[in-house]
Amino acid sequence: MTRRRRIVYWAILIALVLFVVRVVDLAAGLFLPDDTRFSLLPPSSTWRDHRGSWDYVIRTNRLGLRGPEITSEAEQGPVYFLGDSFTFGLGVAEEQTFVGQIRRSISETTVVNGGIVDYGPRQALAQLRALGPAINPRIVVYCLYTNDVYDAGPTYPYTRALQGARKKLFIDLAFYVAPNLSQAIFRAWYAYRFEDVLAPQNDALSEENASDVADPFVMSDTELLQTIRSYAMANDVPPDRFASWLDRLGPGLLHQVAIGQVSFVHLGIGLLIPDYYSQALDLGPVGRPKFERLCLYVQSMRAESERLGARFILVYLPSELQFDEEKQVLNARFGHVVRREWLTSETALQRSLALFARQESIPFYDLTSQFRVAATRPGPRLVFDEDLHYSAAGHSLVAATLIPIVRAVRQ
Numbered sequence: 003m004t005r006r007r008r009i010v011y012w013a014i015l016i017a018l019v020l021f022v023v024r025v026v027d028l029a030a031g032l033f034l035p036d037d038t039r040f041s042l043l044p045p046s047s048t049w050r051d052h053r054g055s056w057d058y059v060i061r062t063n064r065l066g067l068r069g070p071e072i073t074s075e076a077e078q079g080p081v082y083f084l085g086d087s088f089t090f091g092l093g094v095a096e097e098q099t100f101v102g103q104i105r106r107s108i109s110e111t112t113v114v115n116g117g118i119v120d121y122g123p124r125q126a127l128a129q130l131r132a133l134g135p136a137i138n139p140r141i142v143v144y145c146l147y148t149n150d151v152y153d154a155g156p157t158y159p160y161t162r163a164l165q166g167a168r169k170k171l172f173i174d175l176a177f178y179v180a181p182n183l184s185q186a187i188f189r190a191w192y193a194y195r196f197e198d199v200l201a202p203q204n205d206a207l208s209e210e211n212a213s214d215v216a217d218p219f220v221m222s223d224t225e226l227l228q229t230i231r232s233y234a235m236a237n238d239v240p241p242d243r244f245a246s247w248l249d250r251l252g253p254g255l256l257h258q259v260a261i262g263q264v265s266f267v268h269l270g271i272g273l274l275i276p277d278y279y280s281q282a283l284d285l286g287p288v289g290r291p292k293f294e295r296l297c298l299y300v301q302s303m304r305a306e307s308e309r310l311g312a313r314f315i316l317v318y319l320p321s322e323l324q325f326d327e328e329k330q331v332l333n334a335r336f337g338h339v340v341r342r343e344w345l346t347s348e349t350a351l352q353r354s355l356a357l358f359a360r361q362e363s364i365p366f367y368d369l370t371s372q373f374r375v376a377a378t379r380p381g382p383r384l385v386f387d388e389d390l391h392y393s394a395a396g397h398s399l400v401a402a403t404l405i406p407i408v409r410a411v412r413q
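Count along the sequence shown from 1, then add 2; that gives the number in the numbering used here.
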């Protein structure tokens with residue numbers, strides 16, 4: 003075989019291989035399932051969450067959801083709440099969560115708390131598909147918080163990991179040649195790595211079942227600073243921006259994070275993604291595509307609810323940045339972009355959610371105005387001083403608003 007024929011032969015062979023790979027990749031895009039992983043809590047477990055000012059007990063049922071066992075003794079089907087840590091009730095006892103208060107008020111109906119910490123709309127949909135048939139709800143309520151806009155797309159750690167992997171030429175070429183297969187393989191690798199990292203934490207959590215106290219997260223200020231500096235360097239934060247951020251934060255707030263009184267995650271997001279809330283509330287160029295993806299997830303939740311024979315309700319739980327001026331100041335120190343008009347005006351997110359719900363004929367309830375009115379009255383704060391989650395007072399406000407709505411839909 004001459005040199006010219008060998009070149010032609012190899013060129014044809016490579017072209018055929020690439021063609022076959024592309025065909026397989028296109029088929030994979032059609033038949034590979036979407037990312038349907040979701041997490042649950044250790045089933046039938048009890049442990050104590052003792053961090054900062056928090057000190058409360060968490061109990062789970064056999065499904066791995068917070069709250070009592072789900073029974074079929076009630077005459078009507080359950081009311082099934084889906085959401086993230088705000089629905090879960092991070093920081094408050096079970097009876098203080100808005101789901102727990104609704105459960106007590108409507109005792110003739112089973113009320114299920116499907117809220118899980120760190121959930122986004124994708125995980126909520128996956129849980130509904132997996133547990134919905136067993137729960138057999140009559141009403142499904144998806145409680146959407148501001149950060150669900152960002153969480154509708156790939157998470158920041160996932161995006162950074164993917165960007166880092168694609169710096170290698172052969173991986174980048176693989177994504178160009180077979181994007182669907184490459185994404186599936188990378189998701190599987192990331193999930194394996196993520197679960198491997200979390201395995202010791204999950205083991206510790208299992209060991210805490212029925213134990214006394216979970217020790218609060220504590221480290222020295224120096225250790226925390228070194229950790230944050232490492233995160234900043236790994237995520238290409240310019241040294242001058244890091245220095246400015248650290249100066250604005252101040253040693254007092256840094257110490258509160260070190261002893262577990264202020265969320266390390268909330269602090270880190272302010273450093274790494276300053277426009278985290280502004281993109282969600284204003285629906286900027288990054289936030290708008292994520293919002294559109296969020297709407298697709300909500301449409302799927304509604305369709306799945308109807309398949310189960312349940313009514314679907316969408317609820318918007320507002321960010322503290324929309325009703326608490328002091329928390330705007332705190333978040334600015336964290337590094338977040340904040341706008342004063344969020345305290346009084348309707349945001350692009352609220353308008354877009356209302357429009358989407360009207361177009362899709364989805365019952366929608368925006369609780370922002372209730373929080374703004376309550377924030378002006380004397381009484382306990384609606385959120386924790388050191389954390390963005392709702393306090394017992396905030397949960398009571400949500401419950402008082404939703405109880406008559408749930409009662410009306412049940413009729």
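All C-beta atoms, glycine included, are put in the ideal place defined by N, C-alpha and C.
- Considered as a whole, the region 263–311 harbours 266–274, 278–284, 289–309 as its complete alpha helix (DSSP H) runs of no fewer than 4 residues, in chain order.
- The beta-carbon distance between His397 and Gln98, rounded to whole angstroms, is 6 Å. This is short enough to meet the 8 Å contact definition.
- Judged by DSSP in its simplified three-state form, Asn115 adopts strand.
- The three-state reading of DSSP puts Leu84 in strand, counting E and B together.
- When the five nearest sequence neighbours on each side are left out, the beta carbons in the same chain lying within less than 6 Å of the beta carbon of Val400 are those of Phe100, in order along the chain.
- Taking C-beta separations shorter than 7 Å and ignoring five residues to either side along the sequence, the partners of Glu327 in its chain run Leu345, following chain order.
- Nearest to Gln129 by C-alpha distance, out of Glu306, Leu319, Leu323, is Glu306.
- When C-alpha distances from Arg243 are compared across Phe314, Leu15, Ala260, Phe336, the shortest belongs to Phe336.
- Straight through space, the alpha carbons of Gln372 and Ala260 are spaced by roughly 34 Å.
- The alpha helix (DSSP H) runs of length 4 or more contained entirely in the region 350–405 are, from start to end of the chain, 350–362, 370–377.
- CA-to-CA, the gap between Thr403 and Leu369 works out to about 8 Å.
- Taking 7 Å as the cut-off, the Cβ atoms of Tyr318 and Leu146 count as close.
- DSSP assignment within the region 86–145 yields the following whole alpha helix (DSSP H) runs of 4 residues or more, N-terminal first: 87–90, 100–107, 123–137.
- Taking C-beta atoms as the reference points, Tyr144 and Leu84 count as a pair closer than 7 Å.
- Note that the region 101–119 does not touch the region 47–61; fewer than 3 beta-carbon pairs, one per stretch, sit closer than 8 Å.
- Annotation for Asp249: the continuous alpha helix (DSSP H) segment containing it runs 241–260.
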